[in-house]
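Peer 1: Chains as they are written, first to last, in my numbering: chain A, 350 to 545; chain B, 57 to 238.
Beta carbons: idealized from backbone N, C-alpha and C, even for Gly.
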Amino acid sequence: MADYEVIASGSVDASAPTTINITGIPGTFKHLMLSLSAASTLSSGAATGTDYVGMRLNGDTASNYGYAAQIKGDSASGAGTQVRAAFPGQQALGWLYIPARHSGQSTKKFSHTNYYIPLYSGSTFKKAVLTDHVLPFMYDFPSKGNANGIQMWEGVSGWNNTAAITSIQLISYEAVISGTSCGFAVNTSYVLSGLA
Amino acid sequence: MATWDLLSTATVAGGSTSTISFTSINQNYKDLCIMALLKDDLTASHGQSGMQVAPKTAAGGAMTLGRGYMYMGWNSTTPISYQYGSGQTLVDSYIPNNASSYTGVGPQYMYFYDYSSTTVAKNMYLFNGIIGENAQNANNTWQIHRSLINDASNNPVGRIDLISQSGNFLAGCVASLYGIEG
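1) Can you tell which of A:K421, A:L541, A:Y539 and A:V535 has the C-alpha that lies nearest to the C-alpha of V361 of chain A?
2) One question on the structure: do I186 of chain B and S74 of chain B come within less than 8 Å of each other, judged by their Cβ atoms?
3) Mind pulling the alpha helix (DSSP H) runs of 4 or more residues that sit fully within the segment 118-158 of chain B?
4) Within 8 Å (strictly less), CB to CB, does T159 of chain B reach chain A?
5) I need the straight-line Cα distance from Q139 of chain B to G124 of chain B, nearest angstrom please.
6) Identify whether I369 of chain A lies in helix, strand or coil by the three-state DSSP scheme.
7) Taking DSSP as the reference, what is the three-state secondary structure of Y165 of chain B?
8) Could you check where the beta strand (DSSP E) with Q104 of chain B kicks off and where it finishes?
9) Could you pull out every unbroken alpha helix (DSSP H) segment of at least 4 residues lying fully inside the segment 414-478 of chain A, listed in chain order?
10) Taking the C-alpha atoms as reference points, what is the distance between G71 of chain B and Q104 of chain B?
11) Which chain B residues are close to V478 of chain A, counting only those with a beta carbon under 8 Å from its beta carbon?
12) Rounded to whole angstroms, what is the Cα-Cα separation between Y165 of chain B and E503 of chain A?
13) Run the CB neighbour count on S157 of chain B, radius 10 Å, all protein chains shown included, and call it buried at 16 or more, exposed below.
14) The ligand ATP and E523 of chain A: does the residue's C-beta get closer than 7 Å to at least one heavy atom of that ligand?
15) Compute the beta-carbon to beta-carbon distance between N184 of chain B and L98 of chain B, rounded to the nearest angstrom, for a pair I have assumed lies under 8 Å.
16) Closest to A441 of chain A by CA distance: which of A:N413, A:T511, A:P448 and A:A435 is it?
17) Take T537 of chain A as the anchor and find which of A:A477, A:S460 and A:T377 has the nearest alpha-carbon.
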């Protein structure tokens, strides 16, 4: 086993899956890093509507997750905003905005996310995840209808469980929670790495 | 192709471990990364403790640091940013403590650029946080901290200390140091 090893990687085809499932994560590493480039096929509703990506661990679908985020939005105008909030009692950790595919919006825009998951294989402490997330503007948020600019999130998430992580599921909020007909857009991709 | 090598893992066994030290850091890599999960044994009800990161020279000498710091801290509704021009030897942040029934933990990600160079000013990045008392409890313990740190001396980093400012790290806490080849 190398000290840094790609455990799993993949990309989404045109079938727009509502979840991305990474199973069989070995317990032989100490820490995990997950890189994700994501977008949603969401095209119904207001053009300003967006989707989110969430992470579930070990198949837990209950409200055992929480996260906090500090968000900086910026449009091409240079105006920015900052928001901070904590959201406990969620059905997944780290709801992060990802670009949608409303009519007229670019199919080339994807978010960029690095998840850092220390001590995923331990069982003494509950699990925590650092999230470094950036996405391109292609919708109004917050009230900045502009096709350019980016939004930056820095977040921390928790799972109220001490079990070693053996599987990760990435879910589309709109598809899985809201029941909207959509999924991850083609070319959404990920790389999960283990650190000894 | 750059590779990552595990240089050292520190697992706290318990007792009085107020400092996790990575000493005599191998100088054969370009960058360093630390991944850690930290928490200390203090019991103040607000749930947080001071944590410090101290990069040092190979001889253990202090570095002269400047940094930019942005965070959302305890019981605050406003993102806060600071600049520290120079003269610091420690990077201050926060980790969760061990208050009664408090199970929050503190994930840590640190990256040190060109740590072994004798000609390049050192740049370091610290990204860490505290998760809340539990996932269902809407309290104010959730925290996010980010620092960009600069040392203009060009001294190689030969030692890094992670310090519980006023307590001891709990048994089971882990910090791993990786060397990244250029």
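Peer 2: Here's the rundown:
1) The count along the first sequence starts at 1 and reaches residue 361 of chain A at position 12. For V361 of chain A, the nearest C-alpha among the options comes from A:V535.
2) As a working mapping, residue 186 of chain B is identified with position 130 in the second sequence. As a working mapping, residue 74 of chain B is identified with position 18 in the second sequence. It is not a contact, given that the beta carbons lie outside the stated cut-off.
3) none
4) Position 103 of the second sequence holds residue 159 of chain B. It does: the Cβ of T159 of chain B has a partner Cβ on chain A nearer than 8 Å.
5) Along the second sequence, read from residue 1 onward, the residue named residue 139 of chain B stands at position 83. Along the second sequence, read from residue 1 onward, the residue named residue 124 of chain B stands at position 68. Taking the straight line joining both Cα atoms gives about 5 Å.
6) To locate residue 369 of chain A, count along the first sequence from 1; it is residue 20. Of the three classes helix, strand and coil, the one that applies to I369 of chain A here is strand, per DSSP.
7) As a first step, residue 165 of chain B must be located in the second sequence, where it is residue number 109. The answer is strand: DSSP assigns Y165 of chain B an E or B state.
8) Numbered from 1 along the second sequence, position 48 holds the residue referred to as residue 104 of chain B. Here the beta strand (DSSP E) through Q104 of chain B covers Q104 to K112.
9) none
10) Taking the second sequence and counting its residues from 1, the one referred to as residue 71 of chain B is at position 15. Taking the second sequence and counting its residues from 1, the one referred to as residue 104 of chain B is at position 48. Each residue's Cα considered, the two are about 20 Å apart.
11) For this step, residue 478 of chain A is matched to residue 129 along the first sequence. Correct list: P163.
12) Numbered from its first residue, the second sequence carries residue 165 of chain B at position 109. Numbered from its first residue, the first sequence carries residue 503 of chain A at position 154. Roughly 12 Å separates the two Cα atoms.
13) By one-based count along the second sequence, residue 157 of chain B stands at place 101. So S157 of chain B counts as exposed.
14) Of the ligands one can find in the structure shown there are none, so the ligand ATP has no counterpart to examine.
15) On the second sequence, position 128 is the one that residue 184 of chain B refers to. On the second sequence, position 42 is the one that residue 98 of chain B refers to. Not a contact, Cβ separation roughly 17 Å.
16) Reading the first sequence from its first residue, position 92 is the one you call residue 441 of chain A. Taking only the C-alpha atoms, the option nearest A441 of chain A is A:N413.
17) On the first sequence, position 188 is the one that residue 537 of chain A refers to. The shortest Cα separation from T537 of chain A among A:A477, A:S460 and A:T377 belongs to A:S460.
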